[in-house]
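**Student:** Under the working numbering, the first residue of the sequence shown carries the number 28, and numbering increases by one thereafter.
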Amino acid sequence: MHHQDSEQLRILNGHYDDDVVSLNDITSTPTKLSNALNYATKLLEKFSSMRDKPELSDFRIDINDKHFYCHKFLLIATSDYFKAMFSGNMSESQSDHVELKGFESSSNGVESMINFCYSGSLFITFDNIDELLHAATHLQIKDAIDLCSQFLIESCTIKNCIDIYKISDLYSLNDVLYVIKIFVSKNFVLLMFHACHQFEQLTYEQIYDELSRDTLDMYQYNEYDLFTMTCTWIKANYDERVKYTADLFKRIRFMLMTPEQLCDHVRHHELIKNNEESRILVQNALCYYALPNRQPLINDIQCRVRNEPILVAVGEIELFSLNTTSERWDTLCQAPLEENYPYPFSAITVNNYLYVLGTRRSSSEEYKSCYRFSAHTCEWTKLQNLLHDRSRFAAAHVEEYIYIMGGFEGFKRTTRVYVNTIERYSIENDQWESFSTEGPQLSSLAACAYGNLVFLGGGKNGQWYGYVIIKLLFTL
Numbered sequence: 028m029h030h031q032d033s034e035q036l037r038i039l040n041g042h043y044d045d046d047v048v049s050l051n052d053i054t055s056t057p058t059k060l061s062n063a064l065n066y067a068t069k070l071l072e073k074f075s076s077m078r079d080k081p082e083l084s085d086f087r088i089d090i091n092d093k094h095f096y097c098h099k100f101l102l103i104a105t106s107d108y109f110k111a112m113f114s115g116n117m118s119e120s121q122s123d124h125v126e127l128k129g130f131e132s133s134s135n136g137v138e139s140m141i142n143f144c145y146s147g148s149l150f151i152t153f154d155n156i157d158e159l160l161h162a163a164t165h166l167q168i169k170d171a172i173d174l175c176s177q178f179l180i181e182s183c184t185i186k187n188c189i190d191i192y193k194i195s196d197l198y199s200l201n202d203v204l205y206v207i208k209i210f211v212s213k214n215f216v217l218l219m220f221h222a223c224h225q226f227e228q229l230t231y232e233q234i235y236d237e238l239s240r241d242t243l244d245m246y247q248y249n250e251y252d253l254f255t256m257t258c259t260w261i262k263a264n265y266d267e268r269v270k271y272t273a274d275l276f277k278r279i280r281f282m283l284m285t286p287e288q289l290c291d292h293v294r295h296h297e298l299i300k301n302n303e304e305s306r307i308l309v310q311n312a313l314c315y316y317a318l319p320n321r322q323p324l325i326n327d328i329q330c331r332v333r334n335e336p337i338l339v340a341v342g343e344i345e346l347f348s349l350n351t352t353s354e355r356w357d358t359l360c361q362a363p364l365e366e367n368y369p370y371p372f373s374a375i376t377v378n379n380y381l382y383v384l385g386t387r388r389s390s391s392e393e394y395k396s397c398y399r400f401s402a403h404t405c406e407w408t409k410l411q412n413l414l415h416d417r418s419r420f421a422a423a424h425v426e427e428y429i430y431i432m433g434g435f436e437g438f439k440r441t442t443r444v445y446v447n448t449i450e451r452y453s454i455e456n457d458q459w460e461s462f463s464t465e466g467p468q469l470s471s472l473a474a475c476a477y478g479n480l481v482f483l484g485g486g487k488n489g490q491w492y493g494y495v496i497i498k499l500l501f502t503l
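#1: For the alpha helix (DSSP H) containing Ser373, list its first residue and its last residue.
#2: Could you tell me whether the Cβ atoms of Leu229 and Ile185 are closer together than 9 angstroms?
#3: If you compare alpha carbons, which of Tyr452, Gln361 and Ala317 is closest to Gly342?
#4: Can you tell me whether Ala422 is buried or exposed, with buried defined as 16 or more other CB within 10 angstroms of its CB?
#5: Where does Val383 land, buried or exposed, given buried means 16+ other C-beta within 10 angstroms?
#6: For Thr358, which residues in the same chain have their Cβ closer than 7 angstroms to its Cβ, ignoring the five residues on either side in sequence?
#7: Just how far apart, CA to CA, sit Leu36 and Thr58?
#8: Pop quiz: Asn311 and Gln288 are said to be a contact at Cβ under 8 angstroms. What is the actual Cβ separation, rounded to whole angstroms?
#9: Using only the alpha-carbon positions, how far apart do Ser461 and Ser470 sit?
#10: Considering Ala423, what are the terminal residues of the beta strand (DSSP E) in which it resides?
#11: Is Lys487 helix, strand or coil when you go by DSSP?
#12: Strictly by DSSP, which residues pair up with Ser461?
#13: Check whether the region 206-220 touches the region 228-243, taking contact to mean three or more Cβ pairs, one atom from each stretch, closer than 8 angstroms.
#14: Take Leu160 as the anchor and find which of Tyr145, Arg451, Met140 and Gly147 has the nearest alpha-carbon.
#15: Do you know whose CA, among Ile429, Ala402, His424 and Tyr394, lies nearest His415's CA?
#16: Where does the unbroken alpha helix (DSSP H) through Ile172 begin, and where does it stop?
#17: Quick one: Cα of Tyr477 to Cα of Asn488, how far?
#18: Starting from Lys93, trace the beta strand (DSSP E) both ways and give me its first and last residue.
#19: Quick check on this structure: which residue in Leu238, Leu204, Lys277 and Ser373 has the alpha carbon closest to the alpha carbon of Ile299?
#20: Tell me which residue opens and which closes the beta strand (DSSP E) that Cys475 is part of.
#21: Counting Cβ pairs, one atom from each stretch, are 3 or more of them under 8 angstroms apart for the region 122-138 and the region 66-81?
#22: How far does the alpha helix (DSSP H) with Cys314 in it extend, from its first residue to its last?
#23: Flag this pair as touching only if the region 195-213 and the region 252-266 have three or more C-beta atom pairs under 8 angstroms; answer yes or no.
#24: So Ser401 is in the beta strand (DSSP E); what residue range does that whole segment cover?
#25: Could you tell me the alpha carbon to alpha carbon distance between Asn412 and Tyr192, rounded to whole angstroms?
#26: Around the C-beta of Arg355, are 16 or more other C-beta atoms found within 10 angstroms, so that it is buried, or is it exposed?
#27: Within a Cβ cutoff of 7 angstroms, which residues of the same chain sit near Met245, ignoring the five residues on either side of it in sequence?
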């Protein structure tokens, strides 16, 4: 063995006294995958530079008199259109060029798409968005479509939202359409008054759907404002849109307008006078105000307040509503009740009117007072008193009446007297009458009406708590 070979063997066997390295140490050294900085970007830039030399390209796209040299593999990787072309039995799969049809007016969009394939970048403006989407959707370049969609969503305002909606609808950009529909719904009223040109471009279906919504955000505007702007939309293309007058006005809630607005402006409008169905709507609204006692009995879209449903609590001296956003109770208005009220009253809603029954405003009164709260006007109305004072009773609404049952009477007595009478209140006539003397002798019970049936649950009689279900059949 040569001396040099012997020295190498000694190194491998670890016989050097200094810096001993074993074979096991070498093989157990950790490995690392290293990446060249910006390799992919630089590679694409080099491929892009090859397009200037036809001999370094393998495919050509022809549009009108323009020729764009490129590479098949890159087109296949970025465009589903070219992937299908080159992978199938189309004649272009064996050719070194293709002539694209449908871009006779301009080749700028296709040129931008080819550049995108080599860079992943797009210069997008409202001036070129239509050309870009025309080319991107035709060539099925998803990443480019996504960039255009993102641009449209981020650029949306009340000044351009309908223009964006039209573009998105034309190119079936469903994600953009979803966002724009929500935006238009949320800002529909603002669109009416601050972007009239955009508003007038809405379709009949869009106008109809928005006017039908109970939760339409009204901001500081009112139902009469909706009426005037709906008239503006119809007049913007009168010959085509006048046929929608009756259907759209059925979505306008004339009963939420003031009598002055109805008498002085609405009933004299030419669109109302020229349409029989619309005239009837206005006449019904005027009758609604002429017969105020019947208002709570009308369950019609024409008098339904536009708002989100809310949870209301009747306190001692205030009416509260639950603010679900801030998670707190906000004061709606003052309640006509006695402060430090000792006994519970009964509360019930009838077609968005709140009835508070069996109350008093001072310690000198009996528990007979009744009040009605209007969500439309935010006002309390004093009603006829109960026939007898009672507390902790149940109430139910059936057809034209409110029925009360159970509870006890005699707020000054030391011994509670449980009531077995059932009273009913005529909503239209504002009058209480005795209905039955065979009611349950229970207090603190609950009631629920279903059709002509009233179901009672729970309750106590001073000695025990009972849970009973009593079904009462009311013959009206």
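Backbone N, C-alpha and C fix where the C-beta goes; we use that ideal spot for every residue, glycine too.
**Tutor:** According to the data block:
#1: Per DSSP, Ser373 belongs to no alpha helix (DSSP H); it is in the beta strand (DSSP E), Ser373 to Val377.
#2: no
#3: Gln361
#4: buried
#5: buried
#6: Within the same chain, and ignoring the five residues on either side of Thr358 in sequence, the residues whose Cβ sits closer than 7 angstroms to its Cβ are Glu345 and Phe347.
#7: Confidence at Leu36 is low in this model, with a pLDDT of 48, below 50, so the placement of that residue should be treated as unreliable; the coordinate-derived value is given next. Distance between the alpha carbons of Leu36 and Thr58 is about 26 angstroms.
#8: Contact between Asn311 and Gln288 is absent: CB atoms are separated by about 15 angstroms, not below the 8 angstroms threshold.
#9: 19 angstroms
#10: Ala421 to Val425
#11: strand
#12: Glu450
#13: yes
#14: Distances from the CA of Leu160 to each of Tyr145, Arg451, Met140 and Gly147 were compared; the closest alpha carbon is that of Met140.
#15: Tyr394
#16: Lys169 to Glu181
#17: 25 angstroms
#18: Lys93 to Cys97
#19: Lys277
#20: Ser470 to Tyr477
#21: no
#22: Note, Cys314: alpha helix (DSSP H), Glu303 to Ala317.
#23: no
#24: Where Ser401 is concerned, the enclosing beta strand (DSSP E) stretches over Ser396 to Ser401.
#25: 57 angstroms
#26: Sixteen is the threshold: since fewer than 16 other Cβ atoms of the shown chains lie within 10 Å of the Cβ of Arg355, the residue is exposed.
#27: Residues Val216 and Arg333 of the same chain have their beta carbon placed closer than 7 angstroms to that of Met245, with the five preceding and five following residues left out of the count.
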